[in-house]
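See structure below.
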Amino acid sequence: MKRWVLFLPGLYRKKQIGFYRKLCGAARLVAVDGGCRFFAASGLTPSLIIGDLDSVKSIPTQFRDKAELLRFPVNKDKSDLQLAFEHCLAQKARQIDIVNPSIGQVDHFLGNLMLLGLFNKRLKSSGDVRVRIVNVDYEILWLHDTKRSIVNCVGDGLSVLPMSASIKLSCRGTEYPAERLRVRRGHTQSLRNRITAKRASIGVEGEALVVHYFSKRR
Numbered sequence: 003m004k005r006w007v008l009f010l011p012g013l014y015r016k017k018q019i020g021f022y023r024k025l026c027g028a029a030r031l032v033a034v035d036g037g038c039r040f041f042a043a044s045g046l047t048p049s050l051i052i053g054d055l056d057s058v059k060s061i062p063t064q065f066r067d068k069a070e071l072l073r074f075p076v077n078k079d080k081s082d083l084q085l086a087f088e089h090c091l092a093q094k095a096r097q098i099d100i101v102n103p104s105i106g107q108v109d110h111f112l113g114n115l116m117l118l119g120l121f122n123k124r125l126k127s128s129g130d131v132r133v134r135i136v137n138v139d140y141e142i143l144w145l146h147d148t149k150r151s152i153v154n155c156v157g158d159g160l161s162v163l164p165m166s167a168s169i170k171l172s173c174r175g176t177e178y179p180a181e182r183l184r185v186r187r188g189h190t191q192s193l194r195n196r197i198t199a200k201r202a203s204i205g206v207e208g209e210a211l212v213v214h215y216f217s218k219r220r
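Going by the numbering used here, the residue at position 2 of the sequence shown is 4; the numbering climbs one at a time, nothing skipped.
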């Protein structure tokens, strides 16, 4: 399976389950530790449960015979998400959606953002593999010397945060277009842009986090 969806621990509200179910089409589904809660709420069954399971009281009975279990000790040098991602790469995944329904514990959330950068470096040697953090409100991408097109998203918001010392940012089809605009890390001029065309594009020379805010539920 080339597409994988990793469900992290967090609050999965009943009214949001439909959005997350749509992400599951034609994908291998993974419960990362407390991500088991999504599957219990949605009625879906994960292909894999991975992690130290320190936030799971017990694995639901209906999953025990159907899901592969990769359990790790609580005291380890990698987070559950990093272990899950490395497993995906070993299985030749080409697209990885990391479902992070809420910020939750701030250190874990920030760590997940930094993992996008680590993943990106590994992905460059693995070909065209795409990875993002996503929930009902936004998706987060780590772009490194690349360009990304966004289609049929008029009204959505875009914010770019430089991760390298500075970037050159190009935006087309947005309220504030730019052509190789230099933005230094820590500066905020690249926040809160808005998509105005059916086909928009964003290009980054350097490394940056891109937050794409959804203007409506999808």
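Glycine included, each C-beta is placed from N, C-alpha and C at the ideal position.
Every value quoted in this text rests on a predicted model; they were computed, and no experiment measured them.
Local conformation of D35 per DSSP, three classes | Start at 1 with the first residue of the sequence shown, and residue 35 comes out as number 33. Correct three-state label for D35: helix.
Report yes if the CB atom of L72 is closer than 8 Å to the CB atom of L91, and no otherwise.
-> Walking along the sequence shown from the start, residue 72 turns up at place 70. Walking along the sequence shown from the start, residue 91 turns up at place 89. Result no, Cβ atoms of L72 and L91 do not sit closer than 8 Å.
Cβ-Cβ distance between L2 and L171 below 8 Å = The question about residue 2 has no answer here: the residues shown for the chain are numbered 3 through 220.
Can L145 and V206 be called in contact, C-beta distance under 8 Å?
-> Taking the sequence shown and counting its residues from 1, one reaches residue 145 at position 143. Taking the sequence shown and counting its residues from 1, one reaches residue 206 at position 204. Taking 8 Å as the Cβ cut-off, L145 and V206 qualify as a contacting pair.
R196 to G159, Cα distance in whole Å?
-> Looking up residue 196 in the sequence shown gives position 194. Looking up residue 159 in the sequence shown gives position 157. Between R196 and G159, the C-alpha separation is close to 4 Å.
Alpha helix (DSSP H) segments (min. 4 residues) lying fully within the segment 108-149 = 108-126
Would you mind giving the Cβ-Cβ distance between A86 and V34, rounded to the nearest angstrom? I have them listed as a contact below 8 Å.
-> Residue 86 sits at position 84 when you count from the first residue of the sequence shown. Residue 34 sits at position 32 when you count from the first residue of the sequence shown. 5 Å between Cβ atoms; contact.
How long is the line joining the alpha carbons of P48 and E181, rounded to whole angstroms?
-> Here residue 48 refers to the residue found at position 46 of the sequence shown. Here residue 181 refers to the residue found at position 179 of the sequence shown. Answer to the nearest angstrom: the Cα atoms are 44 Å apart.
Looking only at DSSP bridge pairs, what is F87 linked to?
-> Walking along the sequence shown from the start, residue 87 turns up at place 85. Note: F87 sits in no beta bridge, so no partner.
Let me know if F9 comes out buried or exposed under the rule of 16 or more other beta-carbons within 10 Å of its beta-carbon.
-> Numbered from 1 along the sequence shown, position 7 holds the residue referred to as residue 9. Its Cβ being crowded by 16 or more others within 10 Å, F9 is buried.
According to DSSP, what are the bridge partners of T176?
-> Here residue 176 is taken as the residue at index 174 of the sequence shown, counted from 1. T176 pairs with I197.
Residues near D56 in its chain [Cβ-Cβ closer than 8 Å; skip 5 each side] | In the sequence shown, counting from the first residue as 1, residue 56 sits at position 54. So the qualifying residues of the chain are D35, V76.
Would a C-beta distance cut-off of 8 Å place S161 and L112 closer than the cut-off?
-> On the sequence shown, residue 161 is found 159 positions in, with the first residue counted as 1. On the sequence shown, residue 112 is found 110 positions in, with the first residue counted as 1. Contact: no.
Buried or exposed for N114, please, with buried defined as at least 16 other CB atoms from any protein chain shown within 10 angstroms of its CB.
-> Within the sequence shown, the letter at position 112 stands for residue 114. Buried.
E177 burial status per 10 Å Cβ neighbour count (16 or more: buried) = Walking along the sequence shown from the start, residue 177 turns up at place 175. The residue in question, E177, is exposed, as its Cβ has fewer than 16 Cβ neighbours within 10 Å.
Locate the alpha helix (DSSP H) running through G159, then write down its first and last residues.
-> In the sequence shown, residue 159 corresponds to position 157, counting from 1. Run containing G159: none in the alpha helix (DSSP H); it sits in the beta strand (DSSP E), 159-164.
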